[in-house]
Every structure is written in C-alpha cells, then in structure tokens.
Amino acid sequence: MPVMSYAAAIRDALDVALARDPGVIVYGLGVTDPKGVFGTTLNLHQTFGPARVFDMPTSENAMTGIGVGAALGGLRPVLTHQRLDFALLSLDQIVNNAAKWHFMFGGRRSVPLTIRMIIGRGWGQGPTHSQSLQAWFGHIPGLKVVMPTTAADAKGLLLESIFDDDPVIFLEHRWLHNMTGEVPGGDHRVAIGSASRLRAGGDVTIAALSLMTVEALHAVDHLAGQGIACDLIDLRSVRPIDWPVIEASVRRTGRLLVLDTGYTTGGVAAEIVTHVVESCWSDLRVSPQRLAMPDSPESTSPALTESYHVRAADIAAAVGSLLGRPVETASLAAARRHPHDVPGDWFKGPF
Amino acid sequence: MRADLSQRLLRDMIRIRAVEETIAARYGEGKMRCPTHLSIGQEAPAAAAAAVLRPTDLAVSGHRAHAHYLAKGGDLPAMIAEIYGKATGCARGKGGSMHLIDERVGFMGSTAIVGGTVPVGVGLALARALAGGDDIVCVFMGDAVVETGVFFEAANFAVVRRLPVLFLCENNLYSVYSPLSVRQPPGRSLQSVAAGLGLAASGGDGNDVRAAYGLIAAAADRLRSGNGPQFVELATYRWREHCGPHYDNDIGYRSIEEFEAWRRDDPIVRFREALLAEGTIDGAWLEATEAALAAEVLAAFAFAEASPFPEPEQAFRGLYAKPLGREAVSCR
Ligand SMILES: Cc1ncc(C[n+]2csc(CCOP(=O)(O)OP(=O)(O)O)c2C)c(N)n1
Ligand SMILES: [Mg+2]
Numbered sequence: 001m002p003v004m005s006y007a008a009a010i011r012d013a014l015d016v017a018l019a020r021d022p023g024v025i026v027y028g029l030g031v032t033d034p035k036g037v038f039g040t041t042l043n044l045h046q047t048f049g050p051a052r053v054f055d056m057p058t059s060e061n062a063m064t065g066i067g068v069g070a071a072l073g074g075l076r077p078v079l080t081h082q083r084l085d086f087a088l089l090s091l092d093q094i095v096n097n098a099a100k101w102h103f104m105f106g107g108r109r110s111v112p113l114t115i116r117m118i119i120g121r122g123w124g125q126g127p128t129h130s131q132s133l134q135a136w137f138g139h140i141p142g143l144k145v146v147m148p149t150t151a152a153d154a155k156g157l158l159l160e161s162i163f164d165d166d167p168v169i170f171l172e173h174r175w176l177h178n179m180t181g182e183v184p185g186g187d188h189r190v191a192i193g194s195a196s197r198l199r200a201g202g203d204v205t206i207a208a209l210s211l212m213t214v215e216a217l218h219a220v221d222h223l224a225g226q227g228i229a230c231d232l233i234d235l236r237s238v239r240p241i242d243w244p245v246i247e248a249s250v251r252r253t254g255r256l257l258v259l260d261t262g263y264t265t266g267g268v269a270a271e272i273v274t275h276v277v278e279s280c281w282s283d284l285r286v287s288p289q290r291l292a293m294p295d296s297p298e299s300t301s302p303a304l305t306e307s308y309h310v311r312a313a314d315i316a317a318a319v320g321s322l323l324g325r326p327v328e329t330a331s332l333a334a335a336r337r338h339p340h341d342v343p344g345d346w347f348k349g350p351f
Numbered sequence: 352m353r354a355d356l357s358q359r360l361l362r363d364m365i366r367i368r369a370v371e372e373t374i375a376a377r378y379g380e381g382k383m384r385c386p387t388h389l390s391i392g393q394e395a396p397a398a399a400a401a402a403v404l405r406p407t408d409l410a411v412s413g414h415r416a417h418a419h420y421l422a423k424g425g426d427l428p429a430m431i432a433e434i435y436g437k438a439t440g441c442a443r444g445k446g447g448s449m450h451l452i453d454e455r456v457g458f459m460g461s462t463a464i465v466g467g468t469v470p471v472g473v474g475l476a477l478a479r480a481l482a483g484g485d486d487i488v489c490v491f492m493g494d495a496v497v498e499t500g501v502f503f504e505a506a507n508f509a510v511v512r513r514l515p516v517l518f519l520c521e522n523n524l525y526s527v528y529s530p531l532s533v534r535q536p537p538g539r540s541l542q543s544v545a546a547g548l549g550l551a552a553s554g555g556d557g558n559d560v561r562a563a564y565g566l567i568a569a570a571a572d573r574l575r576s577g578n579g580p581q582f583v584e585l586a587t588y589r590w591r592e593h594c595g596p597h598y599d600n601d602i603g604y605r606s607i608e609e610f611e612a613w614r615r616d617d618p619i620v621r622f623r624e625a626l627l628a629e630g631t632i633d634g635a636w637l638e639a640t641e642a643a644l645a646a647e648v649l650a651a652f653a654f655a656e657a658s659p660f661p662e663p664e665q666a667f668r669g670l671y672a673k674p675l676g677r678e679a680v681s682c683r
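Protein chains in written order, with my numbering: chain A, 1 to 351; chain B, 352 to 683.
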C-alpha cells in the first residue's frame, strides 16, 4: 500500500471523486493557487478544469449557500476553508439551509455538500485562527461531522462524505497534514459513524479524536511499558458517534477518559461522558474524566500556549489517576523533539 | 504642499519600511512566533492617512495592520513586543501581529478575519455621530474586503445613516495568491462597486503619497462637513509574500515582470527623489532622519527582546470585564 501524508491522502480522495463523478466540484479560497490549500488541492484544476475546480471571492457565507444550491441542483460540491474560523461567516447557510433542507421540505431533496474546515494551532495562530468547534456542528441535527486522524481515514472519510447524500462537515487538523500512513488506492471508503480501535487493552478506555488521538497513542504506548493496557478508540465521527464501540469498551474496562480538541464546556467530550454515565452507569468503577481545551481562547504568545494544550504526558497522568496508581510521565515530556508550538520540523510557520 | 508635511510623509514611510524590513530580517530567528503580514511596498496610503487623521479620529484595520497602527501613532515598542508575544505588547501577548490596539491614539483594533472590523468601524462612527463633533473613523481595508458580505451590509448602513466613515481601500491586486480576476468581473472597479452602494468614491495612485494625501484629505474634509461616508481606493503592491518575511515571486502566482515594475515604482524612492530634486530635503536631512529612525527601531526591538513573557496563568485570564469567580473552567 502506498505511504503518503494526510494532506496527500485528501488530495487523492478529491482526485478519485472528481474522476468518478462529473458532478463533483471542488472550490474554496486558494484551491487553485500554487500552494493548493497546504497541498490538498494542488493542481487538481489542471486535471479537471477550471469549471469544476476553482478559487472563489472572500464570500464564505454566499459561497456556502451557493454550495447548497448547487447540491440541490444535482452537484456534489466540496467547499474548503483554510481555517474553521473563516467558515463561521457561513453558519446561517450551514445551519438554516444545509442541515434542514431535507427535513423541512418533507424529505423531498437532500443536500450532498461537503465542507472541509482546517483547524489551526500553535505558531501564534491565536484567538481567531485556532478554533476547534466540532461541538457546534455536532449539535446540529441534519449535519454529519467527521474528524479523521490517520491518512487512510482522511481519504476514506472524505470520499464517503462526498458521496453521502447529506451535508457533511469534514474537520481536519493542520497538525495532521504532514503525518504519513499507508493509504489504500482507488475509491477507499470509511463509513461515517464508525470509530476505530487503535489499541486494545482492558484497563482504561480512552475515546479520542483528531490530533488528540495522536497524543493518546504516545501516552498509551508509553503506559504499556508500565504494565497499563489502554483501549484507545479513535472516534473518527462526531455526529453520529459510534456508541456501541465506546459502550462495549467501557463495559470491559469500567474506566473512561475522553480527549477533545475543543473547549471543555459543552463539548464533544461532555456529550460522551454524559452518554456513558447514562448507559453504562453500573459498569463504571470510577467517575469518567475528560481532557479538553481550557475554556479560554488560544493566545498568540508562545508563553501562553505552553500549558494550554493537552499533551501525551497529561493523558498518561490522567490514566494513572483513573487507575489510582502512580505513573511515570516525565520521560514523555522529555521525548518531545520540537518546540511546543509547532508540529514538527516541516512546519516553518507562519500559517 | 508645505515642506513640513512633505517631510512628514516621507519620514513616516521610511519609518514603516524600517520596521517591516527589520521584522523580515529577524523573523527567521524564530522569536516572532505568529503569522505576520508585512506592508513593505504599501507604505504610502498609511503615511498619507496618518497626516490627515487627527489623534481624536479613530481607526480599525485587518490582518496587514502594522503600517496603519504606526501611522495612527501607535506605540512602536508595544507593537514589536506584541509580535514577540511579550507582556509589554499592546495586547499583552494575547493577540500578536494580527491583533493590534492602541486606544491612546484612536487605533481601536485590527483583527484577522477579512472584513471583520468593517462593521466595527461603522459602529464606532455611530457612537461618534451620537456624541456630536466632527471626528471621523477610518476603516483600513484590502481589496478582498469588497467581496465580503459584511462590507456591503455595513457600508449600506453607513450610507443610510450618513455616518462619518472613511473606507480606505488598499488595492494590491491580490488576496493571498488569488488575483482580482477570480474575485471581480473584468472591467468593474472597486470604486464603482462602492459608488453603487452610495459611498462617495474616489481613487488613484497609492504609490504616490502626495496624490494619496490629496484624495484622503479631500474625503476627510467632506466627511467632517457632514457629507456622508467616503470610499478611497489606492492602487499599490505588496512586495513580499502574503504572510511571512520572504519573497514568493518564484511560486508563480504573479510574474517577475509585474513585481519588478511595481518595485521600480517604490513609493519611498519616488517621493524621496522628488523632494531632493525640489530641495525640500537634502542629503543631510535624509541621513539624519534615517539614522534616527534606525535607532528608534533598534530600541523597539531591544525593548521587545528584553521584556518578560506574560505569566502562564494569563492564558486563562481576561475573558470578561468583570472576572467570573473561577475564570478558567478547565479540568486540569
Ligand atoms: C473571512 C476570512 N476568509 C479568509 C481569510 C484568509 N485570508 C487572510 S488574509 C486574506 C487576504 C485578504 O486580501 P486583502 O483584503 O486584499 O488584503 P491583503 O492581504 O492583500 O493586504 C485572506 C483571504 C480570512 N482571514 N478571513
Ligand atoms: Mg489585497
């Protein structure tokens, strides 16, 4: 299987979709420019032409509504935003039109629209370039929301989103773009609403999403060396959530830790804890915990982001506290090779 | 034009360029850790506006705001410290390059969402109009702002209420790497769009600082005498990459010829040579001015570097005017 980056896997999915169905269109700010949205759309317009792959004016709200209309008119639009924060201008079209059209017109027509939004972090992205608002979209009946972590899932979920007949919000973390993995060729699909179990263990269930799954992998593998076996579930979808997988795991472990890239209050982690408390009460041995972003915007200064994000060492410590036993975490923090505000050497700032 | 005004315009442009070039030169040190949009090549509109606006006038701007902040009289060391993420920064390290503020001089804020401060500027003008007086609000904006819905809505309200707003549009032909051709139909100017909304629109060469001054001063005069909102479009060009310290002509979104033509049209060189030829300045003036500005810039960077970082708990403070009992509701 070819190994490629998450960004390349997204581009691969778009390439497959555009080739498969002439109704697929791809647009957004910078889609055809020389950087191609961090490489995810690079040169697609050369293969598929400027009528189907195009740049747009800085008019996020209208261009979303135009996507809704194009979808109703028979196309399968994929709209891309370089930051989720820019898509906030289009909430009306997403929430009042895209999410509700099928329901409020008695099921006559659905809206097969995919909206990619990139979540920023670090290098001073600051208050308005770093928000992770999956909870907002997950709150809206009528939307589907996916947050793939691996390159293969990015491809599989993007293709599934594009060919889904309902609106899907596809959330990709900027810090995942350069992570690599094996990616199946062709029309690879991953079902929306299916979680994936990345590590099997009987001590603690960890439900994570997006970049938090990567931090969790570091923590889980580290804890394995201390005789602690975690069941690590990568949610992949935020709406719908794969409850059977989470419930089955919690029934085995009796302990739950939920990780989220969004703010703590009213977040996806809160939803999962609530659901597990409601459905698995008698299986729980200790009270479930969540680790999410503090209820405060991300600051710009590197001095103010150092203790802001959840890192692997925090996760390992939380697992220890769920188990009521001391765990060694210092070496996890020490193993970090990059400054806290960049994902790796490949990231030279500024965006 | 009076000699002191000419000298001021040139001095302000040289100052902005010196600041921006120093940021570019030092960005690679990795101490300015935030997205940074430089105004090199676009100094004239800011300098011209600076000479027209009064300290009591207000201004707002967007992501490319260093020049506007400095032109309005914003504190230079506090801006550099902000870009360095220091506690002495104008936003105490919370906002960085894209979120500048200096209320002392009426610079009410710049933000990173395109078009985001346009209605804020109109709202500030509403407050000013209710208070009376003839102060105005300058909304600094790029060409892409004319594509945003919020511009149409805010400008319309400003026209309806005849609010004292100057929409000052620096048209540098690009939004990131997207040329105007993917954003506006051929043959339609931004001015004509503004005029269609009922804004009194004018425009001209944004690399000719005297011409820019003339256009802005005339618009400001009309505003102060109650003539309703004005739109001034100034043609100019960003030299370096959209965001960051480098040149990016190699990546292919614009031609080297286009870039070179604009660089030959350097607003500073143009004006400097004119003033030298006229005898408004001489070599000694130039040397002394450049030396003084270089020293000021160096001192600002030294201040920023020597300043402390904010205390870590500041990451969770300052959300509300009146703090909640427990500000950061974090599980950790
Ligand atoms: C609503 C929104 N969409 C997209 C962006 C990404 N973005 C940042 S700067 C920029 C270009 C704006 O162009 P212009 O207004 O012409 O200003 P310039 O950069 O040329 O000075 C864009 C699209 C954003 N910040 N906000
Ligand atoms: Mg522009």
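For each residue, glycine too, the CB sits at the ideal point set by N, CA and C.
Just to make sure I have the definition right: I need the residues of chain A whose C-beta is within less than 9 Å of the C-beta of residue i. Which are they?
i: B/K445; result: G126, P127, P297, S299, T300, S301, L304
i: B/M364; result: Under the 9 Å cutoff, chain A gives no residues; its nearest Cβ is about 25 Å from B/M364.
i: B/P661; result: S299, S301, A303, L304
i: B/L670; result: D295, S296, P297
Per DSSP, residue i forms a beta bridge with which residues?
i: A/H81; result: A/M117
i: A/P172; result: Checking the displayed sequence, the identity of residue 172 of chain A turns out to be Glu instead of Pro. Looking at the DSSP assignment, A/E172 forms a beta bridge with A/I118.
i: B/D556; result: B/A586
i: B/P530; result: B/Y525
Check whether the Cβ atoms of residue i and residue j sit closer than 8 Å, and answer yes or no.
i: B/R513; j: B/G579; result: yes
i: B/V456; j: B/Y564; result: no
i: B/R443; j: B/Q665; result: yes
i: B/F491; j: B/L519; result: yes
i: B/E394; j: B/A418; result: yes
i: A/G352; j: B/G447; result: Because chain A here runs from 1 to 351, residue 352 of chain A falls outside it and cannot be looked at.
i: A/P343; j: A/N178; result: yes
i: A/T264; j: A/P294; result: yes
i: A/A112; j: A/D166; result: According to the sequence displayed, residue 112 of chain A carries Pro and not Ala. The answer is yes: Cβ separation under 8 Å.
Starting from the beta carbon of residue i, find every residue of chain B whose beta carbon is closer than 7 Å, and list them in chain order.
i: A/G65; result: Neighbours of A/G65 on chain B: none; closest Cβ ~10 Å, over 7 Å.
i: A/D55; result: S529, V533
i: A/S321; result: Those within 7 Å of A/S321 in chain B number zero; the least Cβ separation is about 11 Å.
i: A/D85; result: I464
If you run the structure through DSSP and keep just helix, strand and coil, what is residue i?
i: A/A335; result: coil
i: A/K144; result: strand
i: A/P343; result: coil
i: B/Y525; result: strand
i: B/G484; result: coil
i: A/R11; result: helix
i: A/Y308; result: coil
i: B/A410; result: strand
i: B/P580; result: coil
i: B/L684; result: Here chain B has residues from 352 to 683 only, and residue 684 of chain B is not among them.
i: B/F458; result: strand
i: A/Y263; result: strand
i: B/V511; result: helix
Who are the neighbours of residue i on chain B, taking C-beta pairs under 8 Å?
i: A/W123; result: R384, C385, P386
i: A/Y6; result: Those within 8 Å of A/Y6 in chain B number zero; the least Cβ separation is about 21 Å.
i: A/T58; result: V465, G466, A495, V496, E498, T499, S526, R534
i: A/S249; result: What A/S249 touches in chain B: nothing, since even the nearest Cβ is about 21 Å away.
i: A/N61; result: G500
i: A/S307; result: P663, A666
List the residues of chain A whose Cβ lies closer than 7 Å to the Cβ of residue i, in chain order.
i: B/T468; result: What B/T468 touches in chain A: nothing, since even the nearest Cβ is about 12 Å away.
i: B/H419; result: The contacting residues do not exist; B/H419 stays about 18 Å from chain A at best.
i: B/M449; result: G126
i: B/L637; result: The premise fails here: B/L637 is roughly 33 Å from chain A at the closest Cβ pair, so nothing lies under 7 Å.
Find the residues of chain A that neighbour residue i, judging by a C-beta separation of less than 8 Å, and give them in chain order.
i: B/T462; result: T128
i: B/C489; result: Neighbours of B/C489 on chain A: none; closest Cβ ~21 Å, over 8 Å.
Given the structure, does residue i come close to ligand 3, in the sense that its CB is under 7 Å from one of the ligand's heavy atoms?
i: B/N523; result: No copy of ligand 3 occurs in the structure displayed; its ligands are ligand 1 and ligand 2 alone.
For a contact defined as C-beta to C-beta under 9 Å, what are the partners of residue i on chain B?
i: A/F351; result: P386, H593, C594, G595
i: A/D341; result: R384
(request) Name, going along the chain, the residues of the stretch 21 to 48 of chain A whose beta-carbon falls closer than 9 Å to a beta-carbon of chain B. (result) Per Cβ criterion, the list reads L29, G30, T32, D33, P34, K35.
(request) Note down, in chain order, all residues in the stretch 494 to 519 of chain B with a beta-carbon under 8 Å from any beta-carbon belonging to chain A. (result) Close to chain A, meaning a Cβ-Cβ distance shorter than 8 Å, are the following residues of the stretch 494 to 519 of chain B: A495, V496, E498, T499, G500, V501.
(request) Please name the residues in the stretch 599 to 619 of chain B whose beta-carbon is closer than 7 Å to at least one beta-carbon of chain A, in chain order. (result) Of all residues in the stretch 599 to 619 of chain B, I602, G603, Y604 have a Cβ within less than 7 Å of some Cβ in chain A.
(request) Could you list the residues in the stretch 432 to 444 of chain B with a C-beta less than 9 Å from some C-beta on chain A, going in chain order? (result) With the criterion set as a beta carbon lying under 9 Å from some beta carbon of chain A, the members of the stretch 432 to 444 of chain B are E433, I434, Y435, G436, K437, A438, G440, A442, R443, G444, in sequence order.
(request) May I ask you to list, following chain order, the residues of the stretch 571 to 595 of chain B that have a beta carbon less than 7 Å from some beta carbon of chain A? (result) Listed by position, the residues of the stretch 571 to 595 of chain B near chain A (Cβ gap below 7 Å) are C594, G595.
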